[in-house]
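One structure is given below, encoded as structure tokens.
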Amino acid sequence: GMGGMGGMNGGMGGYGAARPAPMMSGVAIGSKVGVDPSTRSARRLYVGGIGNVNEAQLAQYISDLINKALPEPFPDGPVVDVYIKHERRFAFVEFRTVELATAALELDGTSFNGQSMRFARPNDYNPAAAPVTGPPIRLNIRREGGGGGVLSNSVPDGPNKIFLGGLPHDLPVAQIQELLQSIAPLKALHVPLDPSGMGNKGYGFCEFADPAMTDVAVAALSVVNLGGKQLTVRKAQNREHGGGGGGGGGG
Numbered sequence: 014g015m016g017g018m019g020g021m022n023g024g025m026g027g028y029g030a031a032r033p034a035p036m037m038s039g040v041a042i043g044s045k046v047g048v049d050p051s052t053r054s055a056r057r058l059y060v061g062g063i064g065n066v067n068e069a070q071l072a073q074y075i076s077d078l079i080n081k082a083l084p085e086p087f088p089d090g091p092v093v094d095v096y097i098k099h100e101r102r103f104a105f106v107e108f109r110t111v112e113l114a115t116a117a118l119e120l121d122g123t124s125f126n127g128q129s130m131r132f133a134r135p136n137d138y139n140p141a142a143a144p145v146t147g148p149p150i151r152l153n154i155r156r157e158g159g160g161g162g163v164l165s166n167s168v169p170d171g172p173n174k175i176f177l178g179g180l181p182h183d184l185p186v187a188q189i190q191e192l193l194q195s196i197a198p199l200k201a202l203h204v205p206l207d208p209s210g211m212g213n214k215g216y217g218f219c220e221f222a223d224p225a226m227t228d229v230a231v232a233a234l235s236v237v238n239l240g241g242k243q244l245t246v247r248k249a250q251n252r253e254h255g256g257g258g259g260g261g262g263g264g
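Quick note, in the working numbering, the sequence shown goes up one by one and the last residue is 264.
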């Protein structure tokens, strides 16, 4: 049944015109040759905030993002399949390998048509059953805009928000990011800077792309010495303090 692939590009023109009642509409994007169907739940991601877009456009955009962030483009294309739930403005994107899907979590917060996209595991994802099919893939998304275009700089409150204290004031945020990324892919990092230009304020918050890494990272970072100072690292949520929101008025 592979013969129908050739007509794909030609037939996309009138695609958006007559769409049937809300249904999952799927389109085969890349060749599925060599893709293991049994690993599908570990190869799919939920992608939200996509706006009005069709499957081919979304697949192209995500493939370009990933290929740009890899040393060389992924053979046969990183995206295998896209299902868009149009009335809800979200999609399920199926990647070629388990490792690609894990790496693509780092794209969370990427902007697409001016909207911020969400990349997350679907509800049916079971980390215990997720197979390891190859070495982990690291996306080098720091190239975009130099500052980690994809890394969110706001860390929402939640069980995976990590507090970092004892940061040397003269340590650049890029180096803090590199230290954290050496443990696991980051989802978000916020290090407040001193308005007087004296560097950072000595603390920050971060969250890793994979929630399973939260405890591992806290343990690993707790023994790190920076500039002769021991880092203070803990889950932010364990400390209930009411005055947390008032810190921004010092400038």
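Note that CB positions come from ideal geometry on N, CA and C, so glycine has one too.
Check, Outcome
"Length of the line joining the Cα atoms of Leu-164 and Ala-201", "5 Å"
"Cβ contact (3+ pairs, closer than 8 Å) linking the segment 176-188 and the segment 138-148", "no"
"At least 3 beta-carbon pairs within less than 8 Å: the segment 57-72 vs the segment 116-131", "yes"
"Paired residues, beta bridge with Phe-108 - DSSP", "Val-92"
"Reference Ala-193, options Phe-221, Asp-207, Gly-210, closest by Cα", "For the record, residue 193 in the displayed sequence is Leu; it is not Ala. Leu-193 has its Cα closest to that of Phe-221, out of Phe-221, Asp-207, Gly-210."
"Euclidean distance between Cα positions of Arg-134 and Gly-64", "19 Å"
"Asp-223 vs Ala-197 beta-carbon contact at 8 Å", "yes"
"Own chain, CB closer than 7 Å to Leu-275, minus 5 neighbours either side, in chain order", "Beyond the ends of the chain as shown, which are 14 and 264, falls residue 275; an answer cannot be given."
"Neighbourhood of Lys-45 by C-beta, 7 Å cutoff - its chain only, sequence neighbours within 5 removed", "Val-93"
"Cβ-based neighbour list, His-203, same chain, cut-off 7 Å, excluding 5 preceding and 5 following", "Asn-166, Ser-167, Val-168, Gly-217, Phe-218"
"Burial state of Val-66 (16 or more Cβ within 10 Å)", "buried"
"For Gly-118: DSSP bridge partner residues", "Going by the sequence as given, residue 118 is Leu instead of Gly. None, per the DSSP bridge assignment."
"Pairwise C-alpha distance: Gly-62 and Phe-132", "9 Å"
"DSSP state of Thr-227 mapped onto helix, strand, coil", "helix"
"Under the three-state DSSP convention, the category Gly-257 falls into", "For Gly-257, the predicted structure reports a pLDDT of 43, less than 50, and the residue's modelled location is therefore unreliable. The matter cannot be settled from this model."
"Residue(s) in a DSSP beta bridge with Asn-238", "Gln-243"
"Candidates Leu-177, Ala-187, Leu-199, of which the one nearest Val-236 by Cα", "Leu-177"
"Distance, Ser-54 Cα to Asp-137 Cα", "7 Å"
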